[in-house]
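Numbering (our numbering), first residue to last: 113 to 834. Glycine included, each C-beta is placed from N, C-alpha and C at the ideal position. A short write-up of the structure that comes next.
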Amino acid sequence: MEDLLFEQFPPTPPGTEDQLKKAVILQHNWAYDDSADYVPSSIRNRIPHHLKTDGKLYLRRGTEGFMYRTSLNHKWGVVIFIIKSMVIHGVDFLPLSQKIATSQPLQSTAFPPPINYANHGNSMDAFIHAIWFTLRSRIPDLQALTPGFDFVGLFFGPDFLHNIQTILRGFVPDARRVFKDGNFSLDDILNIPKLTSTWAPTGSIIYIRLYHKEDRASYGSAIYVGQTIQLQKRHSQHNTETLTSRARHYQIARQFTLEERHMIPICIWEDDIPFHVLTMAEQTVVLLLNSYMTFTNDTLSPTNSFYPFFQRIQFMRRLVQDLQQRLPWAPNITLTGLNVETPLISTRTFRYISAIPGLQFVESAQTFTRYRTPIAFSRKDNCACVYRLSMRDGVNKIRVSISIPEADVNSMQIPNNGFLIFEIMDNGQPHPNPWIRCPAVGPFEDFIQASALGIRFEWYNENQNTWLSTTVHKFGSPGMVQIAAKENNIRLPMSIWLSAIYIIQALEGIVYSDYQPNQGFYKRLTFGSVHVKQLQTDHLKQTYQWIHRPEILRPFPKIATWQYNFSLMVKRFSSLSTFIPHEPVNHLADINRYNPAGDNKPLRVQFRTKCDFCILSSTPHHLPCIPDNSSPYGQVCMICSLFNRPCSFTRPAELIELWGQETPTLHPKTPLSLYPTGPHRFLAFYLVRSQGVREVQEPREKALGLFQDQQMAILDEDTDDD
DNA sequence: GTGGAGGAATGGATCTCTAA
DNA sequence: TTAGAGATCCATTCCTCCAC
């Protein structure tokens, strides 16, 4: 169950239909033993076993439910499970159709009190305040200019004043000095420190590209304002594009030599600022320096495809003109403006990924947040279905291929159009059907988190009028260990692991607070113009709304030390059957001397020369388990050494049991399962059996007002194919 | 257990199209 | 007119199968 947005009130026992239908939330953690003597026999032992922990049903504080019956004296009630005094009361149940009618529009926001911007100490700060308070007063105009404009809450919401403060403190001292009274020349701007081969600031940056010839008579100077989180790289990008692009910006840039193209940081934030504030800052500098492209015509036909850009530019230009008349901000410079986009209301949002958090009803239930997006597989005949999920970090593009093998495509009759579903476990533990199946111990702490992601593909089957679903898995992980062994490098297995980490990061909006470059990670990842919208319900008020999924700060992934991995191996896998040498062990005979069971049964590892990791990663070829004599940690093989983890040795019979022995097997000659299910599967990369096709419910997003058009488009395409 | 063949998956580069 | 998403093509990687 994902949410409590029912169309009809859930069925209640006979005779209770006319009673209460009230939303409630549990105030305390609570446990219930339905096998206890005091429980009436009619409802004793009725709770499904899988919902119980140690024989009891545990409900956590915050659990949402409905009260449908109270006693005459109002001292107790029947609330799905709960006693009246334990719950918070909300309004009466509302059917979904009414919730939709009353749901909060995305852009609703409470305004902070207005302030007198003219009182600010200098012209620039006053002008910037004026820009934003004016824009805030004209939200309906902004929305009219861009129907997809739905960042209002982030720009103008509770953090509005703080956002402005963040912008103001970002100005580098030299830029502030030049701009502060609105009276500056082109030479003044050129004196602001620029990007050079020896000076390349890092952080979130608003920069200007100033195209300027010393011989001013030959060509007018031009300006472009942009944002970046990698100044040097963006600079190279601009110069590369200048060579070939037919865009007006670069046509003009081409008129200037490399030395005449200046990259000047205007605002720098070394700390983390939200992406939308960076966008506000970019808009600020565009307006401050009036860097919009100019047009010879004052009007443009609405049929012209450039018309919407033109409209927004006109709106912003008029706004600046109006403010300049009322405020002492009158820069006396003439520059050719090169900006066309209006950062504040960039319109690149025609697709969404929806996020519906899982409802945690009982303590024992594992929940996940479900992300859904419509996709179309690209597919050639007799090939796998491949979708290339595209992400970006502001500069780089990252593509991750998500594919369904050809054999499955054929046997399950998988169409090209449907929905991709990402399920991320809320507790960070492995998904039951993960996309990649990685070991619990690896080069980074909490290595197993990459398996918290499960991916499914769902499609509508018109003939049967049903929604069908199948799990999607990335294959090849076990083979990756072999490649690592061959190359003596874990680059490839790490690239698989990272692709799952990237997807999780982009979906959850994770920003690394202490980002370190060149480690394979990105500070923040987005899906570009595809935005993640999260379902937010207020159960007590019986309302819901779609909000922008906010970014969250997380510490940068830590490289796992040997000690960390050793402790983790011991914690997860050490037992009477599994031995993990922790002191330098120089000879296998030493391992055999270890006999924790005290039953005189040796581990018998002398009959195998391999550690568990090498045995379990031995598909399709057997891996040699060669001691790494250079390791300071004793009996470690080359492969475990690569992963910075100790070897483990499990008695053969127990290893088969702890890993799993269902057919087919890993290798014809071993009884170890190809699709392990036992606890020791987390020792190595492993495979998951495809779950086949199953019928599922219609996507919730359809009823909740998202994806309507996109879904219809997909269904239309399906019809065309037939 | 090994290695090679063949095809599938993936990555890089470039182009085409399109929202609004 | 722009930026970015998709499409497409091509090159490379790598997975699986199979023979020895």
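- LYS683: member of the alpha helix (DSSP H) spanning 674–685, first to last residue.
- Under DSSP, the beta-bridge partners assigned to ALA467 are TYR483 and GLN646.
- By the 16-neighbour rule on beta-carbons within 10 angstroms, ALA143 is exposed.
- Around the C-beta of HIS324, 16 or more other C-beta atoms lie within 10 Å, and the residue is accordingly described as buried.
- When the Cα atoms are used, ARG321 and TRP441 turn out to be separated by approximately 22 Å.
- Pairing LEU399 with ILE664, the inter-Cα distance amounts to about 30 Å.
- The closest CA to that of THR479, considering only GLY566, ASN741 and PRO788, is found on GLY566.
- Within the region 567–646, the runs of beta strand (DSSP E) that reach at least 3 residues and sit entirely inside it are, in chain order, 578–584 and 622–624.
- If you look at ALA135, you'll find it in the beta strand (DSSP E) that goes 134–138.
- The way I'd put it, the region 510–525 doesn't touch the region 755–767; fewer than three beta-carbon pairs between them come closer than 8 Å.
- Here CYS726 carries a helix assignment [DSSP, helix/strand/coil].
- In terms of Cβ geometry, ALA135 and LEU435 do not form a close pair [threshold 8 Å].
- Under the three-state reduction of DSSP, TYR362 is assigned to helix.
- By the criterion of a C-beta distance shorter than 8 Å, GLU535 is surrounded in its chain by PHE480, THR481, ARG482, TYR483, HIS543, LEU565, GLY566, ILE567 and ARG568, once the five residues flanking it on both sides are discounted.
- Taking C-beta atoms under 8 Å as the contact rule, ALA312 and GLN277 fail to qualify, at a distance of about 27 Å.
- Runs of beta strand (DSSP E) with 3 or more residues, each lying fully within the region 497–539, are found at 497–504, 509–516 and 529–537, listed in chain order.
- Ranking GLU371, TYR627, ASP293 and GLY449 by CA distance to the CA of ASP505 puts TYR627 first.
- If you draw a 10 Å sphere on the C-beta of ASN545, you find 16 or more other C-beta atoms in it, and that means buried.
- For LEU532, the closest alpha carbon among the candidates GLN541, ASN303 and PRO486 is that of PRO486.
- PHE205 has its alpha-carbon roughly 54 Å from the corresponding atom of PHE725.
- Pairing THR673 with SER760, the inter-Cα distance amounts to about 17 Å.
- Under a 10 Å Cβ-count criterion, GLY233 is classified as exposed, with fewer than 16 other Cβ atoms of the shown protein chains found around its own Cβ.
- As the crow flies, the alpha-carbon of GLU394 is around 43 Å from that of THR175.
- Counted as a single uninterrupted DSSP element, the beta strand (DSSP E) harbouring GLU807 occupies residues 805–808.
- HIS274 sits exposed, since fewer than 16 C-beta atoms from the chains shown fall within 10 Å of its C-beta.
- Around the beta-carbon of ASP253, fewer than 16 other beta-carbon atoms lie within 10 Å, marking it exposed.
- DSSP places GLN339 in the strand class (E or B) of the three-state scheme.
- LEU619 has its alpha-carbon roughly 41 Å from the corresponding atom of GLN433.
- Rounded to whole angstroms, the separation of the alpha carbons of ARG666 and MET375 is 31 Å.
- When the alpha-carbon of ALA238 is set against those of LEU280, PHE797, ARG248 and GLY265, the nearest one is in LEU280.
- Using a C-beta cut-off of 8 Å, the region 750–759 makes contact with the region 674–685, since at least three inter-stretch Cβ pairs fall below that distance.
- Shortest Cα-Cα distance from THR448 to any of LEU298, PRO270 and MET524 involves LEU298.
- When DSSP reads this structure, HIS660 sits in a beta bridge with LYS645.
- Classified as buried, TYR319 has 16 or more neighbouring CB atoms from the shown chains inside 10 Å of its CB.
- Inclusion of ARG661 and ALA815 in the CB contact set at 8 Å is not warranted, their separation being larger than that value.
- ASN351 is positioned such that its CB atom lies no closer than 8 Å to that of SER403.
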